[in-house]
Amino acid sequence: MSDPTRHDLLQRMIEESKRMVAFTGAGISAESGIPTYRGDDGLWNKYDPVKFANINHFFKQPDYYWNFFKEVRYPVIHRARPNKAHAALAQLEQKGKLKTVITQNIDGLQQAAGSQHVLELHGNTRRIVCLKCGQCHSMEDVYEQLDTRLPPLCPDCNGTLKPDVVFFGESLPTDVLEDAISASQSCDLFLVVGSSLVVQPAATLPVTARQHGARVVIINRDPTPLDGIAELVFHSSASEVLGCLV
Ligand code: NAD
């Protein structure tokens, strides 16, 4: 372990905490094989976010998104499994330490690791919703259509299908955001794991937590603009730091 003293300090901060919240981003799932958006191996170095992640483009040219889903998104998320960092957060919840995981991720891996209380700020790509009848379908069911029908249609009503995720140009779900703000305001320890902390409004949550008296810890491979408000910062792999906690 590179710095046992700081790991001990994190362990002690967790032991002292009564209401801990974790805030996760794409970096926690990088070691499960899901590329982040930003960083050297991020998706945005290969794909244009204006095309695959923008709601106007989705409606204008749905084939572009569904091809991206078929070739890139689905194969990666379908085979991804939770890693040690997801497991550590799930165990901290089971021990009664961690109250809530607020996640920007759309991969469902935190729930797959066993966490019960997860607030998904940006939705979940495993759910595909029909914009006409409101029915949800699994991504596996929709994927099966893609060889013969692109864009895919709702099997129940032939309506337009959309992944249940927040695209650029869409608002975050109000109820989830309110719960996330409330959890950030009432926690005493706010643990950021694997987020560049540049996407708004999600990245304001560590600031909210700090302003309400919480201690902030950031575990992210690269520096973030909010490192200065954190009591403890690890520029390391999420599973390396969290894996030795529990
Ligand atoms: P981001 O791509 O902006 O930043 C990811 C950060 O993770 C980087 O700063 C990088 O230094 C760090 N990182 C990479 N590997 C790491 C590791 N092993 N351990 C610790 N840190 C590591 O991601 P973001 O801040 O979550 O924001 C971007 C948006 O990306 C979110 O809205 C999210 O919906 C979306 N996204 C989600 C997934 C997913 O669900 N897995 C994947 C890609 C993008």
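FYI, the numbering for the sequence shown is 12 to 257, going by my numbering.
Here a beta-carbon is modelled for each residue, glycine too, at the ideal position from N, C-alpha and C.
- Judged by beta-carbon spacing, Gly-119 lies within the 9 angstroms limit of Arg-137, meaning their Cβ atoms are closer than that value.
- Excluding five sequence positions before and after Val-204, the CB atoms of its chain that fall closer than 8 angstroms to its own CB belong to Ala-33, Phe-34, Thr-35, Gly-36, Gly-38, Ile-39, Ala-96, Leu-100, Ile-230, Asn-231, Ala-249 and Leu-253, given in chain order.
- Ranked by how close their Cα comes to the Cα of Leu-132, the residues Ala-225, Asp-59 and Asp-175 have Asp-175 in first place.
- The DSSP-derived three-state label of Lys-173 is strand.
- Closest in alpha carbon position to Cys-168, among Leu-103, His-128 and Leu-142, is Leu-142.
- Around the beta carbon of Lys-71, a 10 Å sphere encloses fewer than 16 other beta carbons of the protein chains shown; the residue is thus reported as exposed.
- In this chain, the alpha helix (DSSP H) harbouring Arg-90 covers 85-90.
- With a threshold of 8 angstroms, the Cβ atom of Glu-42 counts as near ligand 1, since some heavy atom of the ligand is closer than that.
- When Cβ pairs closer than 8 angstroms are counted between the two stretches, the segment 186-203 is seen not to touch the segment 154-165, the count staying below three.
- A straight line joining the alpha-carbon of Lys-110 with that of Arg-30 spans about 6 angstroms.
- Residue state for Leu-103 is assigned as helix, using DSSP reduced to three classes.
- Residue pairing from DSSP places Asn-135 in a beta bridge opposite Asp-175.
- Membership of Ala-220 in any beta strand (DSSP E) is not indicated; the residue belongs instead to the alpha helix (DSSP H) covering 216-222.
- Looking at the DSSP output, Leu-202 shares a beta bridge with Ala-33 and Val-228.
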